[in-house]
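So the structure is just underneath, and the comments pick up after that.
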Amino acid sequence: MQNKIFSTVVRRLTLSYTLLFGVLSLGAFLLVYVHIAHNLNQQTDARLRATVRELIKTRAEEGRGGLQEEFTIESAATGTGMVFFRLLDPGGRPVVTSDLSAWKAVHHSPLSLPESGDQIDRLHISGHDVPIRIITARLKDGFFLQAGVADDKDEVLESYRETFSTVFLLILVLGGIGAHFIARRAMGGVHEVTEAAARIAGGDLDQPISSGNRGEEIEALAAMFNTMQQRISGLINELKGVINNVAHDLRMPITRMRGAAETTLTRDADLRSYQDMAVTVIEESDRLVGQINTILELAEIDAGLKVMPMAEVDLARVVNMAVELYQPAAEEREISLTVQIKKQPFLITGNLSSLQRLLANLLDNAVKFTPPGGKITIVLDSEGKHGVLSVADNGPGIQAKDQKRIFDRFYRGDASRSISGNGLGLALVRSIAQRHNGSATVDSDGKNGSCFVVKLPC
């Protein structure tokens with residue numbers, strides 16, 4: 011039952027704040043209580059010492075007779091049951107006293123006499139409900155002057171305790187109400203996040219959280235949740251696009267394989283026809299396997315699952331090898347390949363096979379989209395602590411609306427739909443660059459070619 015009662019953070023905060031208010035109030039009460047008790051003692055002692063000084067002066071001026079008269083006046087003024095006075099000889103025997111009818115027990119009280127100055131004692135004696143404070147002062151002639159007063163500070167403190175008890179209960183009630191209000195207000199943003207999470211679980215990704223003015227922590231939580239919500243929405247939309255593209259791109263080679271098989275089976279086919287069908291099936295299967303492998307590689311890189319051992323790589327050598335590999339394809343289309351490497355060796359830390367794949371995809375893309383007789387320029391330079399690899403061509407260019415999505419998986423701009431491809435090459439370029447803590451961008455005016463730029467930390 012207790013766990014259920016205090017299962018919510020609001021209730022726990024309310025209880026914690028209420029207990030804190032209670033402990034602080036109790037601590038304040040104790041401090042004030044001790045201070046009041048100390049001040050009352052000091053005031054009583056100060057009055058006793060002032061009275062003794064007056065009595066010493068009276069004895070010096072008027073003798074024992076005047077002292078007796080002063081005892082009587084003081085006792086009558088305060089009350090014989092509230093105060094008493096005594097003059098004791100050096101042996102401690104009473105010489106002059108006030109009315110001691112209410113103070114008979116004082117004679118039997120274990121009081122020590124000071125050797126000099128004065129001393130104050132607090133005693134409980136029979137016949138009195140409250141303790142008494144007694145001052146005993148040693149006079150110059152060896153006599154002792156003694157004054158006692160009923161110490162009624164306990165009544166004052168009792169009244170204070172009763173008042174505090176009432177105030178303490180009020181503090182707990184009001185503190186609990188205030189704590190509950192503060193806790194609910196503090197957790198209001200968390201409730202909104204919880205409700206938003208419930209909406210997301212129900213499939214609603216279009217309602218962001220309004221943080222309002224709830225404090226930096228709640229505002230930061232709401233901002234991060236909205237970012238996460240947008241990211242989830244983007245991933246879901248991307249996933250839908252990926253599924254549609256995968257279904258389309260995988261269906262095409264399967265359809266071609268099925269068409270080749272049906273055509274061969276529905277006619278009088280000779281061995282040559284079956285061999286042609288087998289070649290078609292193998293080619294389409296290889297294309298299908300390659301596409302699936304690229305999809306898996308992209309997923310592994312983005313998820314951080316692909317193992318990429320990092321080592322020192324000469325990027326200039328990688329560029330030269332890639333250019334040498336694509337030189338025949340470029341020459342076949344009368345495309346000029348120009349390489350500009352600012353320094354050799356050009357050393358960076360990276361994964362050799364991944365960087366080879368990155369450059370191969372960029373060159374393959376450039377050769378595909380550069381018209382016959384065109385030009386491709388590969389430049390390797392440094393910029394601060396980064397190596398900058400650019401591959402520029404004078405092809406048809408990329409429209410502004412396509413540049414924002416050109417690195418997305420399966421995305422193909424309008425100019426590329428007539429050219430074979432699956433829209434995964436540039437996505438893989440960006441993923442490899444990001445895995446190397448770098449970036450991949452494109453610059454194009456949409457008419458006069460494109461320039462792909464990859465920045466990698468040296």
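No gaps in the numbering here: position 390 of the sequence shown is 400 in the numbering used here, and each next residue is one more. Heads up, the beta-carbon is just placed ideally off N, CA and C, and yes, glycines get one too.
Span of the alpha helix (DSSP H), counted from its first residue to its last, around residue i
i	result
Arg80	One detail in the question is off: residue 80 reads as Glu in this sequence, not Arg. It spans Val19 to Thr88 - the alpha helix (DSSP H) in which Glu80 sits, taken as one unbroken run.
Thr173	Lys163 to Ala196
Asp280	Segment: none, Asp280 is in no alpha helix (DSSP H) and carries neither H nor E.
Leu374	First, the residue type needs correcting, since residue 374 is Asp and not Leu in the sequence shown. Residues Leu362 to Phe379.
Ala437	Gly435 to Arg445
Lys353	No alpha helix (DSSP H) holds Lys353; DSSP gives it neither H nor E.
Ala410	Ala410 to Gln413
Contacts around residue i, its chain only, beta-carbon distance under 7 Å, and the 5 residues preceding and following it disregarded
i	result
Leu77	Leu65, Thr68, Arg69, Leu97 and Val106
Ala437	Leu308, Phe417, Asp418 and Arg419
Tyr284	Thr274
Ser449	Ala443 and Lys465
Asp109	Ser85 and Thr90
Gln337	Leu347
Straight-line gap, residue i to residue j (C-alpha atoms, nearest Å)
i	j	result
Pro319	Asn303	20 Å
Asp286	Glu342	26 Å
Val200	Ile228	7 Å
Leu179	His45	22 Å
Glu344	Pro382	6 Å
Ala402	Ile386	6 Å
Val159	Asn49	16 Å
Ala193	Ala38	24 Å
Gly384	Pro406	11 Å
Asn247	Ala410	21 Å
Gly188	Arg195	11 Å
Thr359	Val289	42 Å
Phe154	Pro104	9 Å
Leu373	Lys457	19 Å
Val19	Met234	21 Å
Thr88	Pro124	26 Å
Ser363	Val333	15 Å
Leu167	Ser122	29 Å
His396	Thr24	55 Å
Arg327	Gln366	10 Å
Glu80	Gln52	24 Å
Ala270	Val377	30 Å
Leu325	Thr265	41 Å
Own chain residues within Cβ distance below 6 Å of residue i, not counting five before or after
i	result
Thr61	Ala157
Asn400	Reading off the sequence, residue 400 comes out as Ser, not Asn. Val389, Cys461 and Val463, listed in sequence order.
Asp391	Lys352 and Val398
Gly185	Thr28 and Phe31
Leu58	Ile145 and Ala157
Residue closest to residue i, alpha-carbon to alpha-carbon, out of the options
i	options	result
Lys353	Pro338, Arg367, Val329 and Leu362	Val329
Ser126	Thr146, Phe174 and Arg195	Thr146
Ala47	Asp374, Asp161, Gly269 and Glu205	Asp161
Ala115	Leu133, Ser122 and Pro100	Leu133
Phe356	Asp453, Val323 and Pro338	Val323
Met331	Arg171, Leu368 and Ser295	Leu368
Met262	Asn247, Arg297, Glu80 and Val289	Arg297
Gln217	Thr24, Arg327 and Gln240	Gln240
Thr176	Ser35, Gly89 and Ala288	Ser35
Leu9	Gly152, Arg171 and Ile83	Residue coverage of the chain in this structure runs from 11 to 468, which leaves residue 9 outside it and unanswerable.
Ser26	Gly89, Thr90, Asn49 and His190	His190
Ile181	Leu29, Lys457 and Ile358	Leu29
Leu206	Val183, Arg327 and Met238	Checking the sequence shown, residue 206 turns out to be Ala, not Leu. Of the candidates Val183, Arg327 and Met238, the one whose C-alpha sits nearest the C-alpha of Ala206 is Met238.
Thr82	Gly102, Asp99, Pro100 and Ser111	Ser111
Gly91	Trp113, Gly269 and Val299	Trp113
Gly394	Cys468, Leu123 and Asp99	Cys468
Phe95	Ile130, Ile144 and Glu72	Ile144
Asn447	Asn361, Ile142 and Ile408	Asn361
Lys414	Thr451, Ala230 and Arg63	Thr451
Asp151	Asp280, Val299, Glu272 and Gly101	Gly101
Asp164	Arg148, Asn404 and Ile142	Ile142
Burial state of residue i (16 or more Cβ within 10 Å)
i	result
Asp139	exposed
Ala476	It is not possible to answer for residue 476, since the shown part of the chain is limited to 11 through 468.
Asn371	buried
Gly459	buried
Val183	exposed
Ile292	exposed
Glu226	exposed
Ser454	buried
Phe203	It should be noted that the sequence gives Val, not Phe, for residue 203. Looking at its Cβ environment, which holds 16 or more other Cβ atoms inside 10 Å, Val203 is buried.
Arg22	exposed
Arg427	Reliability of the predicted coordinates at Arg427 is poor, the pLDDT of 44 falling under 50, and the value obtained from them is presented with this limitation in mind. Answer is exposed; the Cβ neighbour count stays below 16.
Segment limits, beta strand (DSSP E) that includes residue i
i	result
Ala157	Phe154 to Ala160
Pro338	It is not in any beta strand (DSSP E) - Pro338 instead sits in the alpha helix (DSSP H) that spans Leu325 to Glu342.
Leu98	Val93 to Leu98
Nonlocal neighbours in the same chain, by C-beta distance under 8 Å from residue i, ignoring five residues either side
i	result
Ser295	Pro263 and Met267
Val93	Glu84, Ser85, Ser108, Ala157, Gly158, Val159 and Ala160
Within-7 Å CB hit, residue i to chain D
i	result
Glu168	Absent here is chain D; the protein component of the structure consists of one chain.
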